[in-house]
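Student: If you read the sequences in order, they're chains W and X. Quick note: the first sequence uses the UniProt record's numbering, first residue 1, plus one each step. Quick note: the second sequence uses the UniProt record's numbering, first residue 1, plus one each step. Don't be surprised by glycine CBs; every beta carbon is placed ideally from N, CA and C. First, the structure itself, so that you have it in front of you.
Protein chains: 2
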Amino acid sequence: MTNTPEDRTLHLNAFLMPIGHHEAAWRLPESDPNANLDIGHYISLAQTAERGKFDSVFLADSPVLMGVPERRPSGKLEPTIILTAIGAATSKIGLIATASTSYNEPYNLARRFASLDIVSGGRAGWNIVTTAGDDAARNFGLDGVPAHKTRYQRAAEFVEVSTKLWDSWEDDAIVADKESAVHSDSAKVHRFDHDGEFFKVAGPLNVPRSPQGYPLLVQAGSSENGKDFAALYSEAIFTAQPTFEEGKAFYDDVKDRVAKVGRNPDQVLILPGIVPVIGDTEEHARELDAELARLISPEYARAQLAERFGLAPEELDLDRELPEDLPSEDEIEGAKSRYTLIVQLARRENLTVRELIARLGGGRGHRTFAGTAEQVADTIEHWFRSGAADGFNIMPAVLPSGLELFVDRVVPILQERGLFRTDYTETTLRGHYGLPRPDNQFVVDANIRVAASAT
Amino acid sequence: MTNTPEDRTLHLNAFLMPIGHHEAAWRLPESDPNANLDIGHYISLAQTAERGKFDSVFLADSPVLMGVPERRPSGKLEPTIILTAIGAATSKIGLIATASTSYNEPYNLARRFASLDIVSGGRAGWNIVTTAGDDAARNFGLDGVPAHKTRYQRAAEFVEVSTKLWDSWEDDAIVADKESAVHSDSAKVHRFDHDGEFFKVAGPLNVPRSPQGYPLLVQAGSSENGKDFAALYSEAIFTAQPTFEEGKAFYDDVKDRVAKVGRNPDQVLILPGIVPVIGDTEEHARELDAELARLISPEYARAQLAERFGLAPEELDLDRELPEDLPSEDEIEGAKSRYTLIVQLARRENLTVRELIARLGGGRGHRTFAGTAEQVADTIEHWFRSGAADGFNIMPAVLPSGLELFVDRVVPILQERGLFRTDYTETTLRGHYGLPRPDNQFVVDANIRVAASAT
């Protein structure tokens, strides 16, 4: 957009799917199939990413058991627990956790992120999700998932309440004057009595304002509702963009939406996902990719694909293309934009179900890329310099090896080309992303009150 | 009860109120008044307790800003965040967090505790509370706190749902067979479709069964509802007992209730709180106690006491006894047993409001004890050997100094007397407390099904 390549810095986030983003990664001989439950494994991954000067690590999440237990490791430790442990074993890298606005209470979640921001010295980020799927809803008193639009309305109010909670202590509320026996100044600790459509929350939070003011706000939905939400609230956006053209169109679309709501497009970073499968040669990378595809169990994958389409597994023939009469995105109450992306990918390349499964196994619709370190760096540079990305969400197919290869081989190339930092210059997550610390809405209001009373 | 002194082991839990249990502790010259927000401070306290071979550390909690911000440090980091960081910096000591059944969803909370149990290697405990007070309710969509009885009914169902979630993966559900592409056995991962008065939860949890099966279940309410709840569900009970006679009566009462519901009284440990103020001499200890009392700000304390009684602050005269016509426990929807305990203490000793405030400032109704290390050890031994306690909840008036003094001076005396361990012999929290790992309800059911189908 308005930025020239010269004054922009590339940003890299390590998206940690425990044993790798490829669903069959756990079956490789070198993989620990229970690493998803090993906190030492996560800490080691984050330390590798910090060695590579990554901006952040990121954990996806949903409060439900996903997929068939046979198919792959499905146990998921709660993300703020993992990130707290990672925070204690690292000192600079940002810590981004996914959490649902549909199945949490703002007071509890805002408090947990404020606590993580404090214990990590200002490194917390929140990937705001509305959580698709009936199965998750059934763990929270509902028979099925609320409508897509309703979920986004609740998400907007959830974020509004959360910022009120995070701002409820002004930064200088703590006095700590032992002599006069005044610990904090009540006039700077705000009860706000929010009373909205979804939430009624009095406040204040029982945690003072954190180093970053509040966690970095991240969003990953790319539907129309998702993009509008992102334009209003997000500071960083994770997105799945399988081709450069689609990535560029998404980038321009979202930056336009950001400008239209009166925010600065430079302060909303767009980070598409990339699944790099790195080899010494291109041929070696393709062999690794093919080996992973061979390890996918097609029956389980077909069942899950069928569920996404609202079909019975036997309605999908492994050796034929997708049926013609699939539902439109409007009829899907799940992960809408991901649904469309998968259908388009299959149609565009005339893939059989078996071929589609192989392609999705690696990146679930994200751009997968098998090649040398140089080729991966070239792709990243191309997208970045051409205004299709402000950085990338790095999603190694196999962990820890894929992240180690990226850090040891790709990062040095990006650094040599002057695209990426050679060391951290900031201490907070917003600092790494070059974003300002948010103002406190209650202080602003107080100034207005003072100004008004003076006239 | 049935135990003889010979085969019993004393248990010690460190109740970490960040700057000490005395409300004026932050005003002492040596205190860091913002240590409540310093994760390094908590870690250091836990390491001291682990050096003293304590069974566990414990954090109280409520999802609300408590009291007047002027009065004392009121910011509270979320307990499972603190305990995760502590867990990473210790290896043996148990980690007990308070969490509310009134203001959480079972799926989220069960998952967080399962995650903490896994990352800490089996050291998690949950202090189950129903959360008193209208102010907390107003952070969760309500105008006032639900009735005491309703809260306990919800708590019972919450625990029932939580154990279903924790048991939803059988211990041997994970197969991790790379060759046959079977990660886990669906037949041992249970969806249970709980549909009760307060909760509707399908399950299974998205976290496999944790090292302890599930966290140690702790309870701290001492009302009639609280004692009945404890008899049914608790494995350890924290309680405030200001005199030996009251402590002995409570101990016998609860152990009887446990036996009556068919549980083994030896497997429910009762740990009264004690606020030790330790000095080189008894006189020195009393001076420290008096200094702390002088540092209490009486106006704030009076306001909070008045709120507990449902009165305006000016209805309490600092230099007179409590009014005659206070409400009965039945009329209080708050912390019932604590209310009665405070009124009884004031009446029994004919305390003025000012004197009562000084007494409560130290321990909020818990037994405070100013004396030498030898005297503290004598008290502990007396209660333990006489069947009034299975151990103690150690609540130092000032931290870190109070815990260091206890570990360096009182613990060695208890060890010399053969009352307390000289090193850890177990690795889990239940192990330290001498309690068995719980059976999995779904495995039991499966066996019954097998037996039934065989007849």
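Any chance the segment 156-163 of chain W sits against the segment 77-96 of chain W, with 3 or more Cβ pairs inside 8 Å?
Tutor: no
Student: Cβ atoms of residue 32 (chain X) and residue 41 (chain X): under 8 Å apart, would you say?
Tutor: Your numbering for residue 41 (chain X) matches position 41 in the second sequence. Your numbering for residue 32 (chain X) matches position 32 in the second sequence. Against a cut-off of 8 Å, the Cβ pair of residue 32 (chain X) and residue 41 (chain X) comes out as a contact.
Student: For residue 128 (chain X), write down the residues that DSSP places opposite it in a beta bridge.
Tutor: In the second sequence, the residue the question calls residue 128 (chain X) occupies position 128. The partner list for residue 128 (chain X) (beta bridge, DSSP) reads X:99, X:219.
Student: Cα separation between residue 5 (chain X) and residue 385 (chain X)?
Tutor: Here residue 5 (chain X) corresponds to residue number 5 of the second sequence, with the count starting at 1. Here residue 385 (chain X) corresponds to residue number 385 of the second sequence, with the count starting at 1. Here the model assigns residue 5 (chain X) a pLDDT of 47, short of 50, so the residue's position is not dependable and the matter cannot be decided.
Student: Determine the direct distance from the alpha carbon of residue 444 (chain X) to that of residue 265 (chain X), and round the result to whole angstroms.
Tutor: Within the second sequence, residue 265 (chain X) is the residue found at index 265, counting from 1. Within the second sequence, residue 444 (chain X) is the residue found at index 444, counting from 1. Taking the straight line from one Cα to the other gives about 23 Å.
Student: Do the CB positions of residue 166 (chain X) and residue 110 (chain X) come within less than 8 Å of each other?
Tutor: Stepping through the second sequence from its first residue, residue 166 (chain X) is reached at position 166. Stepping through the second sequence from its first residue, residue 110 (chain X) is reached at position 110. Yes; because the gap between Cβ atoms is below 8 Å, this pair is in contact.
Student: For chain W, find out if any of its Cβ atoms is closer than 8 Å to the Cβ of residue 167 (chain X); answer yes or no.
Tutor: For this step, residue 167 (chain X) is matched to residue 167 along the second sequence. It does not: the Cβ of residue 167 (chain X) has no partner Cβ on chain W nearer than 8 Å.
Student: Could you pull the start and end residues of the alpha helix (DSSP H) that residue 437 (chain W) belongs to?
Tutor: For the purposes of this step, residue 437 (chain W) is identified with residue 437 of the first sequence, where counting begins at 1. For residue 437 (chain W), no alpha helix (DSSP H) segment is defined, and its DSSP state is neither H nor E.
Student: Shortest alpha-carbon distance to residue 419 (chain X) belongs to which of X:410, X:427, X:426?
Tutor: Numbered from 1 along the second sequence, position 419 holds the residue referred to as residue 419 (chain X). Nearest option by C-alpha distance: X:410.
Student: Under 7 Å Cβ-Cβ, which residues of chain W neighbour residue 297 (chain X)?
Tutor: One-based indexing of the second sequence puts residue 297 (chain X) at position 297. The contacting residues are 181.
Student: Going by the beta-carbon positions, is the gap between residue 58 (chain X) and residue 108 (chain X) smaller than 8 Å?
Tutor: As a position in the second sequence, residue 58 (chain X) is number 58, starting the count at 1. As a position in the second sequence, residue 108 (chain X) is number 108, starting the count at 1. No, they are not a contact pair.
Student: Specify the secondary structure class of residue 332 (chain W) as computed by DSSP and reduced to three states.
Tutor: For the purposes of this step, residue 332 (chain W) is taken as residue 332 along the first sequence, with counting starting at 1. Looking at residue 332 (chain W) - three-state DSSP - the assignment turns out to be coil, as it is neither helix nor strand.
Student: How about residue 359 (chain W) and residue 345 (chain W): do their beta carbons lie closer than 8 Å?
Tutor: As a first step, residue 359 (chain W) is located in the first sequence; it is residue number 359 there, counting from the start. As a first step, residue 345 (chain W) is located in the first sequence; it is residue number 345 there, counting from the start. Yes. Within cutoff.
Student: Starting from the Cα of residue 72 (chain X), find the closest Cα among X:417, X:172, X:296 and give me that residue.
Tutor: Taking the first residue of the second sequence as position 1, residue 72 (chain X) is located at position 72. Closest option to residue 72 (chain X), Cα to Cα, is X:296.
Student: Determine the burial state of residue 324 (chain W): buried for a count of at least 16 other Cβ atoms within 10 Å of its Cβ, exposed for fewer.
Tutor: Along the first sequence, read from residue 1 onward, the residue named residue 324 (chain W) stands at position 324. It is exposed - the Cβ of residue 324 (chain W) has fewer than 16 other Cβ atoms within 10 Å.
Student: Ignore the nearest five residues each way along the sequence and tell me which others in residue 430 (chain W)'s own chain have a CB closer than 8 Å to its CB.
Tutor: Working through the first sequence from its first residue, we reach residue 430 (chain W) at position 430. Excluding sequence neighbours, residue 430 (chain W) sits near 122, 212, 216, 235, 436, 437.
Student: So that I know if they touch, is there some Cβ in chain W lying closer than 8 Å to that of residue 96 (chain X)?
Tutor: Taking the second sequence and counting its residues from 1, the one referred to as residue 96 (chain X) is at position 96. With 8 Å as the cut-off, residue 96 (chain X) does not count as an interface residue toward chain W.
Student: At the level of alpha carbons, what is the spacing between residue 154 (chain X) and residue 367 (chain X)?
Tutor: Taking the second sequence and counting its residues from 1, one reaches residue 154 (chain X) at position 154. Taking the second sequence and counting its residues from 1, one reaches residue 367 (chain X) at position 367. Distance between the alpha carbons of residue 154 (chain X) and residue 367 (chain X): 31 Å.
Student: Leaving out the 5 sequence neighbours to the left and right, which residues in its chain are closer than 8 Å to residue 260 (chain X) when beta-carbon positions are compared?
Tutor: Walking along the second sequence from the start, residue 260 (chain X) turns up at place 260. Counting only Cβ-Cβ distances below 8 Å, and skipping sequence neighbours, we find 231.
Student: With three or more C-beta pairs closer than 8 Å as the rule, is the segment 290-304 of chain W touching the segment 167-185 of chain W?
Tutor: no
Student: What number of angstroms, rounded off, separates the C-alpha of residue 139 (chain W) from the C-alpha of residue 146 (chain X)?
Tutor: For the purposes of this step, residue 139 (chain W) is identified with residue 139 of the first sequence, where counting begins at 1. For the purposes of this step, residue 146 (chain X) is identified with residue 146 of the second sequence, where counting begins at 1. Cα-Cα distance, rounded: 23 Å.
Student: For residue 537 (chain X), which residues in chain W fall below 8 Å Cβ to Cβ?
Tutor: For residue 537 (chain X) there is no data in the structure shown, the boundaries of chain X being 1 and 455.
Student: Note down, in chain order, every chain X residue with its Cβ under 7 Å from the Cβ of residue 33 (chain W).
Tutor: Position 33 of the first sequence, counting from 1, holds the residue named residue 33 (chain W). What residue 33 (chain W) touches in chain X: 176, 178, 183.
Student: Beta strand (DSSP E) containing residue 177 (chain X): first to last residue?
Tutor: For the purposes of this step, residue 177 (chain X) is identified with residue 177 of the second sequence, where counting begins at 1. First-last of the beta strand (DSSP E) with residue 177 (chain X): 174-177.
Student: By DSSP, does residue 80 (chain W) sit in helix, in strand, or in coil?
Tutor: Residue mapping note: residue 80 (chain W) aligns to position 80 of the first sequence, counting from 1. Here residue 80 (chain W) sits in helix by DSSP.
Student: Going by Cα to Cα distance, which pick from W:226, W:401, W:253, W:274 is closest to residue 45 (chain W)?
Tutor: Start at 1 with the first residue of the first sequence, and residue 45 (chain W) comes out as number 45. It is W:401 whose Cα lies nearest to the Cα of residue 45 (chain W).
Student: What residues from chain X crowd round residue 203 (chain W), counting only those whose CB sits closer than 9 Å?
Tutor: Residue mapping note: residue 203 (chain W) aligns to position 203 of the first sequence, counting from 1. Correct list: 65, 138, 139.
Student: Only counting the same chain, and skipping five residues up and downstream in sequence, which positions put a Cβ closer than 8 Å to that of residue 289 (chain X)?
Tutor: Indexing the second sequence from 1 puts residue 289 (chain X) at position 289. Same-chain partners within the cutoff: 277, 362, 368, 370, 397.
Student: Assuming residue 288 (chain X) is part of the beta strand (DSSP E), what are its boundary residues?
Tutor: Taking the second sequence and counting its residues from 1, one reaches residue 288 (chain X) at position 288. It is not in any beta strand (DSSP E) - residue 288 (chain X) instead sits in the alpha helix (DSSP H) that spans 282-295.
Student: Cα separation between residue 426 (chain X) and residue 7 (chain X)?
Tutor: Counted from its first residue, the second sequence places residue 426 (chain X) at position 426. Counted from its first residue, the second sequence places residue 7 (chain X) at position 7. Going by the C-alpha atoms only, they are around 17 Å apart.
Student: Compute the Euclidean distance between the alpha carbons of residue 70 (chain X) and residue 142 (chain W), then round it to the nearest angstrom.
Tutor: Looking up residue 70 (chain X) in the second sequence gives position 70. Looking up residue 142 (chain W) in the first sequence gives position 142. If I take the Cα positions, the gap works out to 43 Å.
Student: Which one of X:242, X:214, X:244, X:247 has the shortest CA to CA distance from residue 233 (chain X)?
Tutor: Residue mapping note: residue 233 (chain X) aligns to position 233 of the second sequence, counting from 1. The residue with the shortest Cα to Cα distance from residue 233 (chain X) is X:214.
Student: Output needed for residue 205 (chain X): all residues of its chain with C-beta closer than 8 Å, excluding positions within five of it in sequence on either side, in chain order.
Tutor: Here residue 205 (chain X) is taken as the residue at index 205 of the second sequence, counted from 1. Once the five neighbours on either side are set aside, the close Cβ partners of residue 205 (chain X) are 107, 110, 111, 114, 165, 166, 168, 169.
Student: Using DSSP with H/G/I as helix, E/B as strand and the rest coil, what is residue 225 (chain X)?
Tutor: One-based indexing of the second sequence puts residue 225 (chain X) at position 225. If DSSP states are grouped into helix, strand and coil, residue 225 (chain X) belongs with the helices.
Student: Work out the CA separation of residue 313 (chain X) and residue 352 (chain X) for me, nearest whole Å.
Tutor: Along the second sequence, one-based indexing puts residue 352 (chain X) at 352. Along the second sequence, one-based indexing puts residue 313 (chain X) at 313. Roughly 15 Å between the two C-alpha positions.
Student: Using a Cβ-Cβ distance under 8 Å, would residue 369 (chain X) count as near chain W?
Tutor: Counting from 1 along the second sequence, the entry for residue 369 (chain X) is found at position 369. It does not: the Cβ of residue 369 (chain X) has no partner Cβ on chain W nearer than 8 Å.
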